[in-house]
Amino acid sequence: MAKKSDLSTILPQEIIFEILLRLPIKSLLRFRCVSKSMLSLLSSPLFKKTHVDFTLKNPKFTEYRFAVLATVHGLGGKICRFYNIGFQDSCLTVARHSCLGKCLALSARILGSCNGLICLTGSSLTLMLLNPCTGKFNVFPDTVLVNNWGGGCYYVRYGFGYDASIDDYKVVKIFSFPRVEGRQENRVDVYSLKDKSWKMIQGFNSCYLHGKLGVFANGVLHWEASHSHWPFLFWEIVTLDLSVERFGKTALPSYEDGSIYWKLGVSRGYLVGCCNYEPNKVDVWVMKEYGVEKSWTKLVTILLPVNLMAYISPLFVAENCDEFLLQYEEELVLYNSRDGSFNRVDGYTSGDFRQVQVATYFESLVSPHVQ
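This is how it looks when you write it as structure tokens:
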């Protein structure tokens with residue numbers, strides 16, 4: 234009886250590699266059990282990195298998903314649950330994710346996502362890096378402020394992203410201290426997943442950072458910021474280039490006078506901004522060419538059916554720009570610009586009180602244990 238042939242004896246390794254790059258993640262996870270050679274290939278850092286690069290450069294092969302962290306106060310007390318939402322052909326599917334188990338703290342917060350990894354706060358001054366596709370996670374220490382550096386009260390901002398120059402993932406924590414005339418003095422700590430350590434980098438002075446979490450796009454973290462320009466606020470984006478660990482600024486598109494509030498997001502690799510006009514209008518913008526301020530393009534003006542009590546955040550823009558997934562307080566809403574309809578996304582939480590946090594990601598095999 235003839236022996237069963239190994240796939241590598243039928244096709245060249247290069248062809249196998251290219252085929253695997255184009256397959257769904259679920260198939261790749263199953264193929265790890267085919268043979269030792271297949272497991273070795275799919276587990277290699279080269280394949281994982283190449284798969285991420287291929288996914289980012291070929292958006293038509295990319296299926297984006299949404300991680301939802303819902304904290305609920307119900308009859309049984311406080312509960313924190315993690316959900317996955319899939320988006321395809323105007324249909325949204327919600328599934329509860331059980332990979333974290335007891336490791337998910339009741340006070341957990343999503344801090345950002347990048348290359349299929351999601352960064353969260355843990356418990357007892359820890360942070361967590363999770364791959365929701367593989368279920369693998371890595372817990373590491375948070376940083377704390379010693380002796381109240383800078384003096385007085387302060388607030389904290391986070392960011393999470395990838396430094397392609399050294400193949401490393403970094404967590405950024407900003408301690409901001411209010412100073413005179415609305416200015417802020419900022420101390421900045423950066424955690425390297427590769428070095429497994431925190432370090433303090435050059436701080437900076439800024440206006441008020443509204444963005445609690447930095448939005449990662451094109452190797453750069455972005456926070457919404459504003460300073461008073463009576464009688465209105467003047468808005469801009471504070472940036473941090475992770476490769477050189479240097480802060481900068483980026484202009485937002487021109488907006489109408491009045492009471493406004495900006496919320497940033499990222500969709501399919503593009504920086505997206507929602508300009509919220511009180512009481513019930515939102516303009517959605519996209520930066521089509523990163524770093525080129527003139528490339529800001531308005532995609533749609535949304536007239537909300539009710540007056541704003543909170544602000545709209547952008548989560549996802551469909552490729553044809555006719556469907557938008559938006560977050561409004563604890564609600565997720567799918568807006569269709571063709572007919573102006575709003576469809577509420579259900580199935581991810583219930584209870585008397587809820588806090589909902591969302592991160593957009595794509596499925597990958599990247600390990601949260603960076604080497």
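For the sequence shown, the working numbering gives the first residue as 234, with consecutive numbering after it.
Where is the CB? At the ideal position from N, CA and C, for every residue including glycine.
Rounded Cβ spacing between Cys352 and Val285 (contact assumed at less than 8 Å): If you number the sequence shown from 1, residue 352 lands on position 119. If you number the sequence shown from 1, residue 285 lands on position 52. Actually they do not touch by this definition, with Cβ atoms about 16 Å apart.
Reference Ser357; option with closest CA among Lys282, Gly580, Ser340, Arg298: For the purposes of this step, residue 357 is taken as residue 124 along the sequence shown, with counting starting at 1. Closest by alpha carbon: Ser340.
Closest Cα partner of Gly447 within the set Leu473, Arg571, His460: Numbered from 1 along the sequence shown, position 214 holds the residue referred to as residue 447. For the residues Leu473, Arg571, His460, the minimum Cα distance to Gly447 belongs to Leu473.
Exposure of Thr593, with buried meaning 16 or more beta-carbon neighbours within 10 Å: One-based indexing of the sequence shown puts residue 593 at position 360. By the neighbour-count rule (16 or more Cβ atoms within 10 Å), Thr593 is buried.
Runs of beta strand (DSSP E) wholly within the segment 339-424 (minimum 3 residues, chain order): 343-347, 350-354, 359-363, 370-374, 388-396, 401-411
Reference Asn298; option with closest CA among Pro245, Leu325, Leu497, Arg412: One-based indexing of the sequence shown puts residue 298 at position 65. Residue 298 is actually Arg in this sequence, not Asn. Arg298 has its Cα closest to that of Leu325, out of Pro245, Leu325, Leu497, Arg412.
Where the beta strand (DSSP E) through Val285 begins and ends: The count along the sequence shown starts at 1 and reaches residue 285 at position 52. That residue, Val285, is in no beta strand (DSSP E); its alpha helix (DSSP H) goes 278-290.
Asp428 classed as buried or exposed, judged by whether at least 16 other C-beta atoms fall within 10 angstroms: Working through the sequence shown from its first residue, we reach residue 428 at position 195. Asp428 is exposed by the Cβ-count criterion.
Residues that Asn540 bridges to, as DSSP identifies them: As a working note, residue 540 is residue 307 in the sequence shown. Looking at the DSSP assignment, Asn540 forms no beta bridge with any residue, so it has no partner.
From Met542, Ala543, Arg571, residue whose alpha carbon lies closest to that of Leu532: Position 299 of the sequence shown, counted from the start, is the residue given in the question as residue 532. The option with the nearest alpha carbon to Leu532 is Arg571.
In DSSP terms, what Phe299 is bridged to: For the purposes of this step, residue 299 is taken as residue 66 along the sequence shown, with counting starting at 1. Beta-bridge pairing links Phe299 to Ile318, Thr593.
Closest Cα partner of Asp375 within the set Ala397, Phe410, Val423, Glu418: In the sequence shown, residue 375 corresponds to position 142, counting from 1. The alpha carbon of Asp375 has as its nearest neighbour, out of Ala397, Phe410, Val423, Glu418, the alpha carbon of Val423.
Three-pair Cβ contact test at 8 Å for the segment 516-529 versus the segment 499-508: yes
Endpoints, beta strand (DSSP E) assigned at Glu556: The residue you call residue 556 lines up with position 323 of the sequence shown. Run containing Glu556: 556-561, per the beta strand (DSSP E) assignment.
Cross-strand partners of Phe437 (DSSP beta bridge): On the sequence shown, residue 437 is found 204 positions in, with the first residue counted as 1. Phe437 pairs with Asn419.
With 16 other Cβ atoms within 10 Å as the buried cut-off, status of Leu362: To locate residue 362, count along the sequence shown from 1; it is residue 129. It is buried - the Cβ of Leu362 has at least 16 other Cβ atoms within 10 Å.
Supposed contact pair Val471 and Ala458 - C-beta distance, whole angstroms, cut 8 Å: Indexing the sequence shown from 1 puts residue 458 at position 225. Indexing the sequence shown from 1 puts residue 471 at position 238. Right, the Cβ-Cβ distance comes to about 5 Å (below 8 Å), so this counts as a contact.
Segment contact flag, the segment 244-254 with the segment 563-581, C-beta cutoff 8 Å, min 3 pairs: no
Between the CA atoms of Asn419 and Phe408 - distance to the nearest angstrom: For the purposes of this step, residue 408 is identified with residue 175 of the sequence shown, where counting begins at 1. For the purposes of this step, residue 419 is identified with residue 186 of the sequence shown, where counting begins at 1. Going from the Cα of Phe408 to the Cα of Asn419 covers about 6 Å.
Neighbourhood of Ile312 by C-beta distance below 6 Å, restricted to the same chain and skipping five residues each side: To locate residue 312, count along the sequence shown from 1; it is residue 79. Here the set comprises Val305.
Sheet register partners of Tyr523 (DSSP bridge): As a working note, residue 523 is residue 290 in the sequence shown. Tyr523 is not bridged to any residue.
Arg479 - containing beta strand (DSSP E), residue span: Numbered from 1 along the sequence shown, position 246 holds the residue referred to as residue 479. Taken as a continuous stretch (DSSP letters only), the beta strand (DSSP E) holding Arg479 covers 479-483.
Cα-Cα separation, Met431 to Phe373: On the sequence shown, residue 431 is found 198 positions in, with the first residue counted as 1. On the sequence shown, residue 373 is found 140 positions in, with the first residue counted as 1. The amino acid occupying residue 431 in the given sequence is Trp; Met does not appear at that position. Cα-Cα distance, rounded: 10 Å.
Local Cβ density within 10 Å of Ala300, reported as buried at 16 or more and exposed below that: As a first step, residue 300 is located in the sequence shown; it is residue number 67 there, counting from the start. Label assigned to Ala300: buried.
Spatial neighbours of Phe264 in its chain, beta-carbon cut-off 6 Å, leaving aside the 5 residues before and after: The residue given as residue 264 occupies position 31 in the sequence shown. Only Met271 meet the Cβ criterion.
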